[in-house]
Structures are given as C-alpha cells and as structure tokens.
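Protein chains: 4
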Amino acid sequence: MTNEWPARVQQELQRFAEERDWPRYHTPRNLLLALVGEVGELAELYQWDPEEPPPADRVAEEIADVMIYLLRFADVTGIDVERAVADKIAYNATRFPKADR
Amino acid sequence: MTNEWPARVQQELQRFAEERDWPRYHTPRNLLLALVGEVGELAELYQWDPEEPPPADRVAEEIADVMIYLLRFADVTGIDVERAVADKIAYNATRFPKADR
Amino acid sequence: MTNEWPARVQQELQRFAEERDWPRYHTPRNLLLALVGEVGELAELYQWDPEEPPPADRVAEEIADVMIYLLRFADVTGIDVERAVADKIAYNATRFPKADR
Amino acid sequence: MTNEWPARVQQELQRFAEERDWPRYHTPRNLLLALVGEVGELAELYQWDPEEPPPADRVAEEIADVMIYLLRFADVTGIDVERAVADKIAYNATRFPKADR
Numbered sequence: 008m009t010n011e012w013p014a015r016v017q018q019e020l021q022r023f024a025e026e027r028d029w030p031r032y033h034t035p036r037n038l039l040l041a042l043v044g045e046v047g048e049l050a051e052l053y054q055w056d057p058e059e060p061p062p063a064d065r066v067a068e069e070i071a072d073v074m075i076y077l078l079r080f081a082d083v084t085g086i087d088v089e090r091a092v093a094d095k096i097a098y099n100a101t102r103f104p105k106a107d108r
Numbered sequence: 008m009t010n011e012w013p014a015r016v017q018q019e020l021q022r023f024a025e026e027r028d029w030p031r032y033h034t035p036r037n038l039l040l041a042l043v044g045e046v047g048e049l050a051e052l053y054q055w056d057p058e059e060p061p062p063a064d065r066v067a068e069e070i071a072d073v074m075i076y077l078l079r080f081a082d083v084t085g086i087d088v089e090r091a092v093a094d095k096i097a098y099n100a101t102r103f104p105k106a107d108r
Numbered sequence: 008m009t010n011e012w013p014a015r016v017q018q019e020l021q022r023f024a025e026e027r028d029w030p031r032y033h034t035p036r037n038l039l040l041a042l043v044g045e046v047g048e049l050a051e052l053y054q055w056d057p058e059e060p061p062p063a064d065r066v067a068e069e070i071a072d073v074m075i076y077l078l079r080f081a082d083v084t085g086i087d088v089e090r091a092v093a094d095k096i097a098y099n100a101t102r103f104p105k106a107d108r
Numbered sequence: 008m009t010n011e012w013p014a015r016v017q018q019e020l021q022r023f024a025e026e027r028d029w030p031r032y033h034t035p036r037n038l039l040l041a042l043v044g045e046v047g048e049l050a051e052l053y054q055w056d057p058e059e060p061p062p063a064d065r066v067a068e069e070i071a072d073v074m075i076y077l078l079r080f081a082d083v084t085g086i087d088v089e090r091a092v093a094d095k096i097a098y099n100a101t102r103f104p105k106a107d108r
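Sequence order for the protein chains is A, B, C and D.
Be aware that the first sequence starts at 8, since it is given in the working numbering, and climbs by one per residue.
Be aware that the second sequence starts at 8, since it is given in the working numbering, and climbs by one per residue.
Be aware that the third sequence starts at 8, since it is given in the working numbering, and climbs by one per residue.
Be aware that the fourth sequence starts at 8, since it is given in the working numbering, and climbs by one per residue.
This is the structure in structure tokens:
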C-alpha cells in the first residue's frame, strides 16, 4: 500500500464509513449499484443539449460521487487501483499503435 | 407496423413529444443518456439492502421511465422492438440448450 | 394479467428460464445488474462518433437485450408494465404542459 | 495542478490520446458513454452469483477502465478531481452525523 492519493482517499472513506456503522452495507454489489446510480446522475446532466455544458459545480459533484464509490469498491474488493490503471495503460499501448506522423 | 402494445405506446410518446416541441431533443444519444439516468434511479432503489424490497410504487415508476425511454429510443432509431425481441429469444434458444430433466 | 405483448413476452421468458433452471438466478438485483450490462453494450455502440449511426442489427440486438431484462425484472418484482407506463405518461402530462402554438 | 496521482495519470492519458490522434473523439459525451460501457462490463462480472466473487484480474481490469475514462472525463471537462472529492467528503460529513458509540 503506497501513500499515494487513491490509498489516502480510501483510508479516509473507510474511516468515514466506520464512524457511521456503514461497512456492513459496503459490499461489492451494493457499492456497484451505488456507482451505477451516480453514473446515472452524471448522465442526466448531459442528456438533452450536446452544445450546452452543464454547470461545473454539478459536474464536479457527480464526478466526485462516482470516484468515491469507485475507490471504495476497489478497496472492499481488494484491487490495487494504481497498479490496475498502470497495467491497463501498458496493455492499451500494445493494442493501439501510435498514429503515423 | 403492428397495432401491438410497443407500437401503440410509441405513437403515444411521439404525439406527447410533438405537443411539447421535444422531437428536436429526442436524438438517439440524448435518449440513450436519459435511459442511463433512469437505470441509475432504478439502481438507487436497490443499492443498500438486498433483503428489503423497495416500495412497489417507486419501482413501478422507475421501470416505466426506463421503458418509456427504451421505446422512444427504438422508435427514433427505427428498430422494430417486437421483431428484435422475437429474434433475440430465438437466437438465445440456439445458444442455451434446455437443462436435462 | 392481460394478453398484451408485455405479458406474452414475460410468459415466454419465464418458460425459457424454467426450461434452463435459471429462475434461481433471476433475482431482482441479478436482473438489474444484467440490465446495466446490456445498457452498457448499447452505450458502446454510440460512444465515439455522434454522426455515424451504428449498424442497425447491432442496435436491434442490444435494444432486445435491454427489453428482455427489463420485462423479466418487472415480472419477478411483480410490477404491471402496461399500467406503470400508462400511469407515468398520465403523470407526465400533468407535469409538462403542451407548448403554445 | 498538483503532482498527485490523478493529475499524473491524466497527463499520461492525454499524451496517450495525442499520440493516437484521439483527442477529437474525447468529447465529454463520448467519454461519458464510454464510461457507461465500462461500468456495464463491471456489472456483468457481478450479475449472476452474489456468493461467488469474480476473478480478481477481471475486476482489476474493469475498475481500471472505469477509472481511466473517469479521469479523462474530468480532464476534458476541466474538473479538479482532488478538490471535487475533498469537497464532497467534507459536505457528506455535514449530511451524515457519526453514529453514537
């Protein structure tokens, strides 16, 4: 476990949950459904007008909600987010060659 | 076009949209994002307690919202829902053999 | 229970599930996660190019998958889809007045 | 802009996109639909059996995909992820009092 941002936020979220007796609700499937709900709220901000960006504070709040549930989901499922992202970017580099210049 | 339920509801939804000058907003991607938003609301009803079914009237309303956007999406993309469903069930029957008895 | 399209398809899907010993897997939350998965596949068809409609047969198949899980979800949760949709359209008519002409 | 993990990954993702001529495809709505697609893939891993955790490498890959699109989405919409998350956690602390001990 590093001291990088994802791990620090996960520790903060875990303490936040424990202080509210929430860990029993934080199963993978519960957190996954909560994540789906927050992605839905983000989608609602963008649904009608492709030309009109929604208010930045609303977008920030929904991005935060999705991020919070994603980090919490990774924590309870035991996935190392930093490593998973680094591995996926490395894998994508092998799948998608750079464009010719 | 049959006179079955999906086509009848789609006609009603089209008239509803036209009476409110909404068809210009009812592009495939807009309706798809709206559908995602409604699926998110349905997920929120089920997110915390696997043992406690949410209130039936709330579930009914969210199912209706998802259905309305799905039918409207199929209408503007020109997909025949009845035929698509029948084709998919027939295809699934070839993919998944019946269990032994 | 009417003999309309949603009820007829739900009966067909129930028989299909029973013939494969699937009803034990068809809990509300399982079907909801399956629905989210199919909505994700529909979104993938539309994700990169707003100007280029995806192939109609792919769209039809994903709409069918979403519809199948939505009807099955409504069936196992005991929601009358026809009534829920009719009620929601009636309610929406009170929320959104017709445009001036 | 800090030198924390989200900003560093966002810079890496931006360079990755530029090297492949992808930035023209990375509009907020395109990235949002891609995010929905990846959340759908994550949901598929969990859809049938609440008791059987899916393979860790599959979960890690889908978490990474969701994270990558979420960070990229925040980058192109100009949202500071670190600040948005900190603000939301602080706001949640005011909404949800700690449990009595």
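Where a beta carbon is used, it is the ideal one built from N, C-alpha and C, also for glycine.
None of the values given here were measured: they were computed from a predicted structure.
Check                                                                                                                      : Outcome
Spatial neighbours of L39 (chain C) in its chain, beta-carbon cut-off 7 Å, leaving aside the 5 residues before and after   : F80
Nonlocal neighbours in the same chain, by C-beta distance under 8 Å from T9 (chain A), ignoring five residues either side  : E89
Nonlocal neighbours in the same chain, by C-beta distance under 6 Å from A41 (chain B), ignoring five residues either side : Y76
N- and C-terminal bounds of the alpha helix (DSSP H) containing D82 (chain A)                                              : A63 to T84
Three-state class that DSSP yields for R27 (chain A) in the structure shown                                                : coil
R27 (chain A) to E51 (chain C) span [Cα, whole Å]                                                                          : 37 Å
Proximity test, Cβ basis, 7 Å: V73 (chain C) and chain A                                                                   : no
Contact list for the stretch 52-82 of chain D against chain C, Cβ threshold 8 Å                                            : Y53, Q54, W55, D56 and P57
Buried or exposed by the 16-neighbour rule on C-beta atoms within 10 Å, applied to D64 (chain C)                           : exposed
Interface partners of L40 (chain A) on chain B, CB under 7 Å                                                               : A50, Y53 and Q54
Range covered by the alpha helix (DSSP H) that runs through K95 (chain B)                                                  : V88 to R102
Outcome for G47 (chain A) when other beta-carbon atoms lying within 10 angstroms are tallied against a minimum of 16       : buried
Contact between the stretch 53-72 of chain A and the stretch 98-108 of chain A (3+ Cβ pairs under 8 Å)                     : no
Segments assigned beta strand (DSSP E), at least 3 residues, entirely inside the stretch 27-61 of chain C                  : none
Distance between D94 (chain C) and F103 (chain A) (C-alpha atoms, nearest Å)                                               : 49 Å
Where G44 (chain D) meets chain C, residues with beta-carbon distance less than 8 Å                                        : G47, E48, A50, E51 and Q54
Near-chain C residues of the stretch 16-32 of chain B (beta-carbon distance less than 8 Å), N- to C-terminal order         : V16, E19, L20, F23, E26, R27 and D28
R36 (chain A), buried or exposed, once every other Cβ within 10 Å from all chains shown has been counted against 16        : buried
Length of the line joining the Cα atoms of W55 (chain C) and H33 (chain D)                                                 : 8 Å
Chain D within 7 Å of T101 (chain A), Cβ atoms only                                                                        : no
Residues that A97 (chain A) contacts on chain D, provided the C-beta gap is smaller than 8 Å                               : Going along chain D, no residue has its Cβ under 8 Å from A97 (chain A), so there is no contact; the nearest lies around 10 Å.
A106 (chain B) (DSSP reduced to helix, strand or coil)                                                                     : coil
For E19 (chain B), three-class secondary structure by DSSP                                                                 : helix
Min CB distance N10 (chain B) to chain A below 7 Å                                                                         : no
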